[in-house]
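Remarks on the structure that follows.
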Amino acid sequence: MDITRLINEIREIAQRKKAVILVHNYQLPEVQEVADFVGDSLELSIKASETPAEIIIFCGVHFMAETASIISPQKTVLIPDYEAGCPMASMINEENVKELRRQYPRAKVVCYVNSTAAVKAESYICCTSANAIKVVNSLKDTKEIIFIPDKYLGSYVQSKVPDKKFILWEGYCPTHARILKTDILKLKEQHPSAKVMVHSECTLEVIGVADAVLSTSGMTKFARETDAREFIVGTEIGMLYRLQKENPDKKFYPASNKALCPNMKLTTLEKVFWSLQDLVYPVKVEEPVRSKAKLAIERMIALSKQD
Ligand code: 13P
Ligand code: SF4
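Counting from 2, one number per residue, gives the positions in the sequence shown under the working numbering.
This is the structure in structure tokens:
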């Protein structure tokens with residue numbers, strides 16, 4: 002079936018079944034085209050909490066669908082490919098968090114949303130790449146922060162909040178780790194007027210040569226609002242589609258073509274169609290983990306709504 006026909010058919014079934022299709026910025030172009038909403042992790046969590054739809058089709062990775070299910074247990078949350086996980090989220094488990102809390106009893110646990118529900122349940126508050134600094138700064142009476150699982154995001158936040166002590170975990174994103182400082186410096190030589198924007202999951206070395214350190218949707222805003230005509234983009238290469246589509250007169254160069262997240266690419270248009278048609282694959286977080294994890298997510302969302 003051709004892509005436009007499939008997209009129309011998916012839209013028609015979604016309307017009939019009262020489903021909303023939420024799509025992460027790294028998804029394949031055609032999956033972005035079928036979305037009700039495309040965004041970063043924070044925006045998608047907020048959309049999931051506010052939507053009146055009865056079914057949420059989450060085109061992203063497993064922790065994102067879990068987050069939606071934690072917030073809205075009465076809704077049917079579906080992921081089109083059950084294998085779409087996030088390797089960083091698998092780098093820590095709830096026992097590791099309990100042990101950290103035993104070791105540092107005065108510290109509060111700040112948990113990057115790229116984590117399992119069980120890990121969130123052992124944490125005080127969640128954060129995303131869009132609000133990590135704000136979340137840590139909100140913990141005014143806490144001097145020690147256990148930041149999990151992303152050591153690169155954690156060390157970036159630490160550099161911006163020097164008055165707190167950080168205990169970091171050895172987790173990282175294998176996709177963003179593939180972006181090297183030398184890649185960016187080479188591109189800078191070829192495009193000297195390009196602005197460098199990088200994701201906060203990049204290494205500190207890469208962050209050190211960036212003009213802006215952003216979440217994925219932060220990048221769309223930066224590209225739109227900055228006068229520059231050219232950008233070097235240090236994140237998963239799926240991001241380039243939306244940037245180019247929204248800014249047809251500007252140029253975007255991927256910092257590295259190796260920065261491809263295989264999990265984000267598992268979702269195809271056909272799988273979205275089957276997901277809606279057969280109501281597969283449900284993602285549901287059981288009690289008591291759900292209620293405990295919800296507290297950590299709600300603390301974060303409440304902070305976002307203060308703006
Ligand atoms: P964003 O929250 O910036 O969209 O990032 C999610 C993610 O998985 C980045 O690798
Ligand atoms: Fe996880 Fe990295 Fe893929 Fe994001 S890009 S989903 S952090 S592996």
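Where a beta carbon is used, it is the ideal one built from N, C-alpha and C, also for glycine. For clarity, every value in this text was computed on a predicted model and none was experimentally measured.
Please confirm if the region 101-115 is in contact with the region 186-197, defined as three or more CB-CB distances below 8 angstroms between the two stretches.
-> no
In chain order, each alpha helix (DSSP H) run of at least 4 residues that lies wholly inside the region 181-237 = 182-191, 205-208, 217-226
In angstroms with no decimal places, state the Cα-to-Cα distance between Leu215 and Met198.
-> 7 angstroms
Which ranges does the beta strand (DSSP E) cover as unbroken runs of at least 3 residues, wholly within the region 88-139, from first to last along the chain?
-> 109-113, 126-128
Whose C-beta lies closer than 7 angstroms to the C-beta of Cys127 among residues of the same chain, with five residues either side of it excluded?
-> Cys112, Val114, Lys121, Ala297, Ile298, Met301
Only counting runs of 3 or more residues, tell me where the beta strand (DSSP E) segments fall wholly within the region 22-60, in order along the chain.
-> 38-40, 56-60
Any heavy atom of the ligand SF4 within less than 7 angstroms of residue CB: hits in chain order | Tyr27, Val62, Cys87, Pro88, Met89, Ala90, Asn115, Cys174, Pro175, Thr176, His177, Glu202, Glu237, Cys262, Asn264, Met265
State yes or no: is the C-beta of Gly219 nearer than 8 angstroms to some heavy atom of the ligand 13P?
-> yes
Does the distance from the C-beta atom of Thr117 to that of Glu51 stay below 9 angstroms?
-> no
beta-carbon Asp41 near the ligand 13P non-hydrogen atom, thresh 8 angstroms = yes
Could you tell me which of Ala303, Leu304, Thr268, Asp164 sits nearest to Ala36, measuring between CA atoms?
-> Thr268
So, is Met333 buried or exposed, given that buried needs 16 or more other C-beta atoms within 10 angstroms?
-> Since the first residue of the chain shown is 2 and the last is 308, residue 333 is not available in this structure.
Is the beta carbon of Ala66 within less than 8 angstroms of some heavy atom of the ligand PLP?
-> This structure simply doesn't include the ligand PLP; it includes the ligand 13P and the ligand SF4 instead.
Going by C-alpha distance, which of Asn9, Ile71, Lys19, Glu10 is nearest Val290?
-> Ile71
Does the beta-carbon distance from Val273 to Ile56 come in below 9 angstroms?
-> no
Considering only residues of the same chain and omitting the five flanking positions on each side of Asp335, which have a CB-CB separation below 8 angstroms?
-> Residue 335 lies beyond the range of the chain shown here (2 to 308); nothing can be said about it.
Which stretch, first to last residue, makes up the alpha helix (DSSP H) that contains Lys246?
-> 240-247
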